[in-house]
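All remarks here apply to the structure that follows.
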Amino acid sequence: GDSVTQMEGPVTLSEEAFLTINCTYTATGYPSLFWYVQYPGEGLQLLLKATKADDKGSNKGFEATYRKETTSFHLEKGSVQVSDSAVYFCALSDYIGTYKYIFGTGTRLKVLA
Amino acid sequence: EAGVAQSPRYKIIEKRQSVAFWCNPISGHATLYWYQQILGQGPKLLIQFQNNGVVDDSQLPKDRFSAERLKGVDSTLKIQPAKLEDSAVYLCASRPGTRLGTQYFGPGTRLLVL
Numbered sequence: 056g057d058s059v060t061q062m063e064g065p066v067t068l069s070e071e072a073f074l075t076i077n078c079t080y081t082a083t084g085y086p087s088l089f090w091y092v093q094y095p096g097e098g099l100q101l102l103l104k105a106t107k108a109d110d111k112g113s114n115k116g117f118e119a120t121y122r123k124e125t126t127s128f129h130l131e132k133g134s135v136q137v138s139d140s141a142v143y144f145c146a147l148s149d150y151i152g153t154y155k156y157i158f159g160t161g162t163r164l165k166v167l168a
Numbered sequence: 003e004a005g006v007a008q009s010p011r012y013k014i015i016e017k018r019q020s021v022a023f024w025c026n027p028i029s030g031h032a033t034l035y036w037y038q039q040i041l042g043q044g045p046k047l048l049i050q051f052q053n054n055g056v057v058d059d060s061q062l063p064k065d066r067f068s069a070e071r072l073k074g075v076d077s078t079l080k081i082q083p084a085k086l087e088d089s090a091v092y093l094c095a096s097r098p099g100t101r102l103g104t105q106y107f108g109p110g111t112r113l114l115v116l
């Protein structure tokens with residue numbers, strides 16, 4: 056079945072450092088890919104998405120490119136801020152009779168001033 | 003545009019008690035999801051509605067969990083009786099019916115079972 060694997064955390068970085076959080080997936084169809092962010096005590100917020108191969112999603116300085124050949128959707132940001140500290144979830148949406156979402160286990164990011 | 007609303011935000015109960023959560027999705031969204039998120043894990047789908055019909059409840063513990071979506075809008079999720087392992091955040095999400103529609107989440111209800 057479909058699955059999402061993302062790197063384990065926590066990831067601890069200094070402010071202005073470069074961020075990469077790896078995400079790979081397996082899917083039977085042609086999924087859409089997502090990154091969601093969860094701040095403490097809150098629900099998940101959509102950060103960015105890509106709906107087909109080679110699409111690049113971007114938002115708030117974060118980027119991720121849908122790589123079909125490597126089945127990956129790695130999240131990157133050139134310069135992180137303390138306010139980026141949160142848990143990041145990679146997810147896919149695939150049509151299996153209806154639109155189903157599969158989430159990774161989440162990667163906690165801590166950015167130090 | 004108003005987001006997905008959930009209530010209550012927090013609930014503490016004792017084991018064997020019952021509890022109910024409410025969700026109001028984004029207006030016009032045909033699909034509604036209930037997820038359980040245990041601390042340190044990703045969301046796990048409990049049940050998915052398309053309008054007011056259930057399309058997937060394969061991971062819902064039906065001996066204690068039930069859910070309904072009246073008139074294809076609001077939804078309630080109930081646990082009766084609760085167990086200690088039900089302590090989690092219960093997330094509601096909704097999505098329009100279009101192919102490229104995006105799922106949006108509510109703030110969640112944090113349940114603690116003592």
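Quick mapping for you: the protein sequence lines, in order, are chains A and B. Heads up: the first sequence begins at 56 in our numbering, then just goes up one per residue. Heads up: the second sequence begins at 3 in our numbering, then just goes up one per residue. Positions of the beta carbon are idealized from the N, C-alpha and C atoms, including for glycine.
So B/Asp58 is in the beta strand (DSSP E); what residue range does that whole segment cover?
-> Gly55 to Asp58
Sub-9 Å separation of B/Ala95 and B/Gly74 beta-carbons = no
Is it right to say B/Ile14 is buried, meaning 16 or more other beta carbons lie within 10 angstroms of its own, or is it exposed?
-> Classification for B/Ile14: exposed.
Residues of its chain near A/Asp110, where Cβ-Cβ distance is below 6 Å and the 5 sequence neighbours each way are ignored = Tyr121
Assign A/Lys107 to one of three DSSP states: helix, strand, or coil.
-> coil
Give the secondary structure of A/Val18 by DSSP, where H, G and I count as helix, E and B as strand, and everything else as coil.
-> Residue 18 of chain A lies beyond the stretch modelled for chain A, which goes from 56 to 168, so this question has no answer here.
Proximal chain A residues relative to B/Val56, where beta-carbon distance stays under 7 Å = The premise fails here: B/Val56 is roughly 10 Å from chain A at the closest Cβ pair, so nothing lies under 7 Å.
Euclidean distance between Cα positions of A/Asp139 and B/Tyr37 | Here the alpha carbons of B/Tyr37 and A/Asp139 stand approximately 24 Å from one another.
Can you give me the Cβ contacts of B/Ile81 inside the same chain, cut-off strictly under 7 Å, excluding the 5 residues immediately before and after it?
-> Ser20, Val21, Arg66, Phe67 and Asp88
So, are the CB atoms of A/Glu118 and A/Lys104 less than 9 Å apart?
-> no
Terminal residues of the beta strand (DSSP E) in which A/Glu118 lies | Phe117 to Thr120
The beta strand (DSSP E) spanning B/Leu34 covers which residue range?
-> Thr33 to Gln39
At a Cβ threshold of 9 Å, is B/Thr33 touching chain A?
-> yes
Could you check where the beta strand (DSSP E) with B/Ser9 kicks off and where it finishes?
-> Ala7 to Ser9
Test item: CB-CB of A/Val166 and A/Thr67 under 9 Å = yes
Select from the stretch 61-87 of chain A all residues with a C-beta closer than 8 Å to any C-beta belonging to chain B, and list them in chain order.
-> Ser87
For A/Ile76, does the count of other Cβ atoms within 10 angstroms reach 16, so buried, or fall short, so exposed?
-> buried
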